[in-house]
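Contents: one structure, followed by commentary.
Protein chains: 4
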Amino acid sequence: MQSRTPASRTGRPRSAAADAAILAATRQALVELGWSRLTLGDVATRAGVAKTTLYRRWAGKHELVVDAVAELFDELQLPDRGSLAADIEGVVLQFAAILARPEAKSGLMAVVAESTRDEALRERIRASIVDRQKRLVLEGRARAEARGELPPPAGPEEAARTVDLIFDVVAGAVVHRTLVSAEPADEAWVRGFTRVLLGGLGAAST
Amino acid sequence: MQSRTPASRTGRPRSAAADAAILAATRQALVELGWSRLTLGDVATRAGVAKTTLYRRWAGKHELVVDAVAELFDELQLPDRGSLAADIEGVVLQFAAILARPEAKSGLMAVVAESTRDEALRERIRASIVDRQKRLVLEGRARAEARGELPPPAGPEEAARTVDLIFDVVAGAVVHRTLVSAEPADEAWVRGFTRVLLGGLGAAST
Amino acid sequence: MQSRTPASRTGRPRSAAADAAILAATRQALVELGWSRLTLGDVATRAGVAKTTLYRRWAGKHELVVDAVAELFDELQLPDRGSLAADIEGVVLQFAAILARPEAKSGLMAVVAESTRDEALRERIRASIVDRQKRLVLEGRARAEARGELPPPAGPEEAARTVDLIFDVVAGAVVHRTLVSAEPADEAWVRGFTRVLLGGLGAAST
Amino acid sequence: MQSRTPASRTGRPRSAAADAAILAATRQALVELGWSRLTLGDVATRAGVAKTTLYRRWAGKHELVVDAVAELFDELQLPDRGSLAADIEGVVLQFAAILARPEAKSGLMAVVAESTRDEALRERIRASIVDRQKRLVLEGRARAEARGELPPPAGPEEAARTVDLIFDVVAGAVVHRTLVSAEPADEAWVRGFTRVLLGGLGAAST
DNA sequence: CGGTAAACGAGACGGTACGTCCTGTCTTGAT
DNA sequence: ATCAAGACAGGACGTACCGTCTCGTTTACCG
């Protein structure tokens, strides 16, 4: 994932096990120490690896954590629950469950913070985490259209704009609820949120 | 703001000018260096203040940045533009404008990241930034009810829950758009967002 | 002693008790902490005095300790024990007893060390400690001459040279024994030293 | 010298050049700044070395200066000048010449002062400086006995006691003359001192 | 199978920032 | 004017990590 395929033919090949051990150690350290106290020397020790080995693969703390956290989100799925509302509730709950894990909480916002001044890092985050999960919105939308719950988009450009907007609203709301408000995004909250998302503010307090 | 009112009568009183100079220097450093390269020694130098003075008032980088960033959000207002949609668009645009400033971007997510492991820091963020701005939601809601655009809440508990939900959705969406998607939350986007917020997903692509 | 007689008539007069309290606190701190860990803030606190008061009277740590230690040596006396050898042994034992006290040990060498680069400090040490005790050598010599144990000096210049030499030998030997060799300058050692001083190396091992 | 032979086989070996550079820089700083203004950060900079490297080898300012100063005394020799008096005068003059150098003056008394409260430091001083130079007394004594100028000691214990005594008298007198009296231990003074040392006080004023 | 070249562990390195401590000065209100 | 109290600018402390480097060792491939 992080390898830039050095394309060398000779010499000892890089240990594949080391990569996995390092990422696992990174997540473990995030759980125990959080972002700010996590050090690469400690990660290397936990992984049973020399610091050199770690730096040969990742440029720094931020890049490493992006990769370590990205793996967490790959388990997201969009189960077919029969209606758009149920589908949304299902995937939002999954997303909230991942965000509730300390290894995600600690690391995610920190790399986002840093990405405001580091274009390459932002690209890495987008490629590894954000864009990869937009598939869920696309799939959900397609299903809703098939069911007749939503009208088809006016055009491809309109479609892309809508997907981005929905993703910002959904991901943003869950993140804000979990990290800033620091309240659980539990079933009750998710139901309320889905109602607003589908019906607008007027539907909020029913 | 950060002072825990040491209430000492004797001795030389703390310089009020130092506080303002430090917070201003912090914002300047955030603009020039970003969060990760900002150092307290540098902030002290910029403020023309000894490191000691800085540490006498703030416990660390995180606390300092919370206070420095919090001041940015105090300029938010809710102008009466005649309709709920227009009011929302107005305040969201203001919010987006503040978040677009580098001193807000760099610092805000970093302290949120740290707050996932530091309960006191989270409280400080909530008190200094989040709760202070919920007034906007309350005011907007009251106006909308007076205009008949929204029904009154079912009860006080219901009202609080709705305010929190709306705040999470609005703030979360703007933050995600600005920092994660890294696209401008401009007028077009805000119009689209407001339409969804008021009318739900079905109204998105009209 | 340290006062430069500010000769001011008006205002609140300086507290005389403060001087004694500060010097006593300095010696106590020397005993408990030694030279390097002694701080003026701590001394002021022990003396129940503000730091300002301390700095109004002494220029710094070195000057303060010189005065605090100098008082220790003022109790030296030259009792008439009937012979030059006995007189020497008596005063050397007294000198050794003072040097064995931690408040003298800790401070004395430190100010001497600093005095190698501070002419004013050296003068203060000489005036407060060294020259003040040369009286003992003068008195001892006079007694020995009266008893016929030593011939009178060839002249005043010769006399001064001899006094200085003897002082360097006696004080130097005791200091070196106590602080560098870190062995007690007890009666046995003092007897051996006196034998050498009076009779030369050939008499050492009798 | 300061290395406690960590005996590690793996890893990058310690730079031998760094040790020499640090000790030389320490002496240079002692000359220019004296003991109290010497800082380890400055020494590191002068030596072209990181502070870390310095602290990896020495525990602090005192230990470092002991080693830096100790090297100065290793050049002492006992030239055979034909008589005990001449031998003593020769070595005392050499000793005085070293003590006259600012890098020795500034540092030596300071570490002795600290050693009164630090047993390990005292041992280091004794091992690195004092005991190493007692060879001079032993050699001089042996020569004098061979020449018939001094009687052989009564026994091994007596011999050791005498060596220590002579060392305290010689070193103490020169140190006191140089640092406390702050007068040069020049040829005239050394002649007078040697006369007293060999013949006792009665021989002083001839 | 033996040589070669890269990866590996270990840990020293130059460097930067940390948060604390002390110095010597100052500013307050009270004496 | 002096005092107690304590904030202040400044600077050194000793520690912790960073990211690089230099070792000696291991391990795959390639001739």
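Protein chains in written order, with UniProt numbering: chain B, 1 to 206; chain E, 1 to 206; chain D, 1 to 206; chain V, 1 to 206. Beta carbons: idealized from backbone N, C-alpha and C, even for Gly.
Helix, strand or coil at residue i according to DSSP, with G and I counted as helix
i: L197 (chain B); result: helix
i: A149 (chain B); result: The residue asked about is misnamed: residue 149 (chain B) is Glu in this sequence, not Ala. Correct three-state label for E149 (chain B): coil.
i: E103 (chain B); result: helix
i: V60 (chain E); result: It is worth fixing the name first, because residue 60 (chain E) is Gly in this sequence and not Val. Of the three classes helix, strand and coil, the one that applies to G60 (chain E) here is coil, per DSSP.
i: D42 (chain V); result: helix
i: residue 223 (chain V); result: Because chain V spans 1 through 206 in this model, residue 223 (chain V) falls outside it and cannot be assessed.
i: residue 208 (chain E); result: Nothing in the structure corresponds to residue 208 (chain E), since chain E is present only between 1 and 206.
i: D186 (chain V); result: coil
i: S128 (chain V); result: helix
i: V49 (chain B); result: coil
i: R191 (chain D); result: helix
i: G202 (chain D); result: helix
i: K134 (chain B); result: helix
When the options are compared against residue i, the one with the closest alpha-carbon
i: A113 (chain D); options: V:L78, V:I88 and V:L38; result: V:L38
i: F95 (chain E); options: E:E63, E:V137 and E:A127; result: E:V137
i: D19 (chain B); options: B:T10, B:E32 and B:R57; result: B:R57
i: R46 (chain D); options: D:L30, D:A59 and D:R124; result: D:L30
i: P13 (chain D); options: D:A127, D:S36 and D:T53; result: D:T53
i: I88 (chain B); options: B:H176, B:K134, B:G48 and B:G140; result: B:G140
i: G48 (chain E); options: E:V65, E:A21 and E:L179; result: E:A21
i: E75 (chain B); options: B:P156, B:L93 and B:L84; result: B:L93
i: A97 (chain E); options: E:R135, E:P79, E:A160 and E:D186; result: E:D186
i: Q77 (chain V); options: V:L179, V:R132 and V:T178; result: V:R132
i: T194 (chain B); options: B:L84, B:E119 and B:S115; result: B:L84
i: A68 (chain B); options: B:T162, B:P102, B:W189 and B:R9; result: B:P102
i: L33 (chain B); options: E:G34, E:L150, E:L64 and E:S115; result: E:S115
i: R124 (chain B); options: B:G60, B:L40 and B:G202; result: B:G60
i: H176 (chain E); options: B:G172, B:H176 and B:T178; result: B:G172
i: P79 (chain V); options: V:R135, V:G41 and V:R27; result: V:R135
i: R117 (chain D); options: V:A104, V:R117 and V:A120; result: V:A104
i: G192 (chain B); options: E:E158, E:L179 and E:D42; result: E:E158
i: L165 (chain E); options: B:P152, B:V180 and B:A142; result: B:V180
i: L62 (chain D); options: D:T26, D:A50 and D:G90; result: Per the sequence shown, residue 62 (chain D) should be read as His rather than Leu. Taking only the C-alpha atoms, the option nearest H62 (chain D) is D:T26.
i: R126 (chain D); options: D:A154, D:V190, D:A70 and D:E149; result: D:A70
i: W35 (chain B); options: B:T10, B:A86, B:A110 and B:A44; result: B:A110
Start-to-end residues for the alpha helix (DSSP H) that takes in residue i
i: W35 (chain E); result: A16 to R37
i: E89 (chain E); result: L84 to A100
i: L78 (chain D); result: First-last for L78 (chain D): undefined, no H or E at that position.
i: L165 (chain D); result: P156 to V175
Contact belief for residue i with residue j at Cβ below 8 Å, rounded distance in angstroms
i: G200 (chain E); j: L197 (chain B); result: 7 Å
i: F73 (chain V); j: I129 (chain V); result: 6 Å
i: L99 (chain V); j: V169 (chain V); result: Actually they are not in contact, since the Cβ atoms of L99 (chain V) and V169 (chain V) sit about 15 Å apart, beyond 8 Å.
i: R122 (chain B); j: A182 (chain E); result: 6 Å
i: T162 (chain D); j: P152 (chain D); result: Not confirmed; about 11 Å, so no contact.
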